[in-house]
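K.L.:
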Amino acid sequence: MPSPKAKNNSGRSGSVPGVSSNGRYEFMSLNRSPPPHLLQRQGSDPTSARLRASESPTRRRGSGSSNASSSSATGGQQLPEEDCMRLNPSFVGIALSSLLAIDLWLSKRLGVCACEDSSWGSIRPLMKLVEISGHGIPWLAGALYCLYKSDSAAGQEVMLNLLMALVMDLVLVGVVKAVVRRRRPSHNRMDMFATFSVDRYSFPSGHATRAAMCARFLLAHLVLAAPLRVLVLLWAALVGFSRVLLGRHNVTDVAFGFGMGYCQYNLVEMLWVSPVGLQLLLGQVG
Ligand SMILES: CC(C)=CCC/C(C)=C/CC/C(C)=C/CC/C(C)=C/COP(=O)(O)O
Numbered sequence: 001m002p003s004p005k006a007k008n009n010s011g012r013s014g015s016v017p018g019v020s021s022n023g024r025y026e027f028m029s030l031n032r033s034p035p036p037h038l039l040q041r042q043g044s045d046p047t048s049a050r051l052r053a054s055e056s057p058t059r060r061r062g063s064g065s066s067n068a069s070s071s072s073a074t075g076g077q078q079l080p081e082e083d084c085m086r087l088n089p090s091f092v093g094i095a096l097s098s099l100l101a102i103d104l105w106l107s108k109r110l111g112v113c114a115c116e117d118s119s120w121g122s123i124r125p126l127m128k129l130v131e132i133s134g135h136g137i138p139w140l141a142g143a144l145y146c147l148y149k150s151d152s153a154a155g156q157e158v159m160l161n162l163l164m165a166l167v168m169d170l171v172l173v174g175v176v177k178a179v180v181r182r183r184r185p186s187h188n189r190m191d192m193f194a195t196f197s198v199d200r201y202s203f204p205s206g207h208a209t210r211a212a213m214c215a216r217f218l219l220a221h222l223v224l225a226a227p228l229r230v231l232v233l234l235w236a237a238l239v240g241f242s243r244v245l246l247g248r249h250n251v252t253d254v255a256f257g258f259g260m261g262y263c264q265y266n267l268v269e270m271l272w273v274s275p276v277g278l279q280l281l282l283g284q285v286g
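Quick note, the sequence shown lines up with residues 1 to 286 if you use UniProt numbering.
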């Protein structure tokens, strides 16, 4: 049975019951360090370990501090406000780690073409063709070729801007990959052709940024019939999806890549180089 003194304290300072080594209930204040035998018991309990891990540093620090300051903090009107401030970061942390856990789980489940003996390993060669269709080299080579072959000023303008957009995409993706440094999924086989050193990182998917940006570019600057426009969108979606199926990326890498590529096209429009602008630029350089 708890002592009457402990019962009174529990009403005021948030005491919690624990079971002592002799099997009797004991109460300990949330603001005081628990006795060593209870500490040991908490350490072995996964739920309490998780709860302690999600505590804010201020609360953890507070739990070891002297009782006078702790009890004054809990005594007044400040407590609810303080608790809200301490709970919010933990809530964001828990939400983020849950999203990450779902991402890893879903990506692993969807990585059905990660190798030949995976459940959908037979379509891996097809997925690798889709991969090549979104690779930087064919796009850069294609844009250069069209620029060279184009005999109208308008065509040259479009191809020049596409070329600059592709280079900008490579640079931006490289910078984000180098900053974030998220490893590729463990089930990925690193057998991609022509990669930079930053391509050992997976966030964001360079194929997804390129697919989203190029799809917007093509839809805005090429006069295409409706079925072809749908095909462009389907191609972009397939490039992104194939990254997860091949085990190259997690779902969030591709989702962020699509968003980033979409925004990159806005940047391309803002920085659009016209023939007059180009002549001015070349005049300044020359
Ligand atoms: C062929 C021409 C005109 C120029 C070549 C210039 C050159 C060296 C370009 C490099 C292109 C390149 C290696 C792009 C990397 C593409 C890639 C593998 C990205 C990774 O994509 P992810 O989806 O796995 O992140």
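Glycine included, C-beta positions come from ideal geometry on N, C-alpha and C.
Suppose only complete runs of 3+ residues qualify. What are the beta strand (DSSP E) ranges in the segment 151–184, listed by chain order?
P.N.:
Counting only runs of 3 or more, we get nothing.
K.L.:
Taking 7 Å as the cut-off, is the CB of I137 close to at least one heavy atom of ligand 1?
P.N.:
For this step, residue 137 is matched to residue 137 along the sequence shown. Yes - ligand 1 has a heavy atom lying nearer than 7 Å to the Cβ of I137.
K.L.:
So F217 and A255 are supposed to be a Cβ contact under 8 Å. How far apart are they, rounded?
P.N.:
Counting from one through the sequence shown, the residue named residue 217 turns up at place 217. Counting from one through the sequence shown, the residue named residue 255 turns up at place 255. 20 Å between Cβ atoms; not a contact.
K.L.:
Within the present structure, is the beta-carbon of R248 separated from the nearest heavy atom of ligand 1 by less than 7 Å?
P.N.:
Numbered from 1 along the sequence shown, position 248 holds the residue referred to as residue 248. At least one heavy atom of ligand 1 is nearer than 7 Å to the Cβ of R248, so yes.
K.L.:
Could you give the distance in angstroms between the alpha-carbon of A153 and the alpha-carbon of P275?
P.N.:
Working through the sequence shown from its first residue, we reach residue 153 at position 153. Working through the sequence shown from its first residue, we reach residue 275 at position 275. Looking at the two C-alpha atoms, the distance is approximately 8 Å.
K.L.:
Hey, could you find the ends of the alpha helix (DSSP H) G136 is sitting in?
P.N.:
The count along the sequence shown starts at 1 and reaches residue 136 at position 136. G136 -> alpha helix (DSSP H) spans G136 to K149.
K.L.:
Which residues bound the alpha helix (DSSP H) around M270?
P.N.:
Within the sequence shown, the letter at position 270 stands for residue 270. V251 to M270 is the extent of the alpha helix (DSSP H) around M270.
K.L.:
Distance, Cα to Cα, W120 vs C113?
P.N.:
Here residue 120 corresponds to residue number 120 of the sequence shown, with the count starting at 1. Here residue 113 corresponds to residue number 113 of the sequence shown, with the count starting at 1. Approximately 5 Å between the Cα atoms of the pair.
K.L.:
At a cut-off of 7 Å, would you count M260 as near ligand 1, judging by its Cβ distance to the nearest heavy atom?
P.N.:
Here residue 260 is taken as the residue at index 260 of the sequence shown, counted from 1. Checking the Cβ of M260 against ligand 1 gives no.
K.L.:
Applying the 10 Å Cβ sphere with the 16-neighbour rule, what's the burial state of G75?
P.N.:
Looking up residue 75 in the sequence shown gives position 75. Model confidence at G75 stands at a pLDDT of 44, short of 50, so the residue's coordinates are unreliable and nothing is read from them.
K.L.:
Could you check whether the segment 257–269 touches the segment 195–215, counting it as contact only if at least three pairs of C-beta atoms, one from each stretch, sit closer than 8 Å?
P.N.:
Touching, yes.
K.L.:
Compute every distance between the C-beta of D191 and the non-hydrogen atoms of ligand 1, then say whether any falls below 7 Å.
P.N.:
On the sequence shown, position 191 is the one that residue 191 refers to. Outside the cutoff, so no.
K.L.:
Less than 7 Å separating the Cβ of D103 from some heavy atom of ligand 1?
P.N.:
One-based indexing of the sequence shown puts residue 103 at position 103. False, no ligand heavy atom lies under 7 Å from that Cβ.
K.L.:
Assess, as a yes-or-no matter, whether the segment 238–255 is touched by the segment 96–112 under the definition of 3 or more beta carbon pairs within less than 8 Å.
P.N.:
Output reads yes: the segment 238–255 touches the segment 96–112.
K.L.:
Please work out which residues of its chain come closer than 8 Å, Cβ to Cβ, to G283, disregarding the five sequence neighbours upstream and downstream, and give them in chain order.
P.N.:
The residue labelled residue 283 in the question sits at position 283 within the sequence shown. Nothing meets the Cβ criterion.
K.L.:
Would you call K177 buried or exposed, if buried means 16 or more other Cβ atoms sit within 10 Å of its Cβ?
P.N.:
Taking the first residue of the sequence shown as 1, we reach residue 177 at position 177. Label assigned to K177: buried.
K.L.:
Across the segment 127–140 and the segment 230–250, are there enough close Cβ pairs to call them in contact, namely three or more that are closer than 8 Å?
P.N.:
Cβ pair count under 8 Å is three or more, so yes.
K.L.:
How many angstroms separate the CA atom of S10 from the CA atom of G111?
P.N.:
Start at 1 with the first residue of the sequence shown, and residue 10 comes out as number 10. Start at 1 with the first residue of the sequence shown, and residue 111 comes out as number 111. Confidence in S10 is poor, its pLDDT being 38 and thus under 50, which makes the residue's placement unreliable; the coordinate value appears in the next sentence. S10 and G111: Cα-Cα distance of roughly 52 Å.
K.L.:
Can the beta-carbon of S118 be found closer than 8 Å to that of P185?
P.N.:
The sequence position of residue 118 within the sequence shown is 118, counting from 1. The sequence position of residue 185 within the sequence shown is 185, counting from 1. Not a contact, by the Cβ cut-off of 8 Å.
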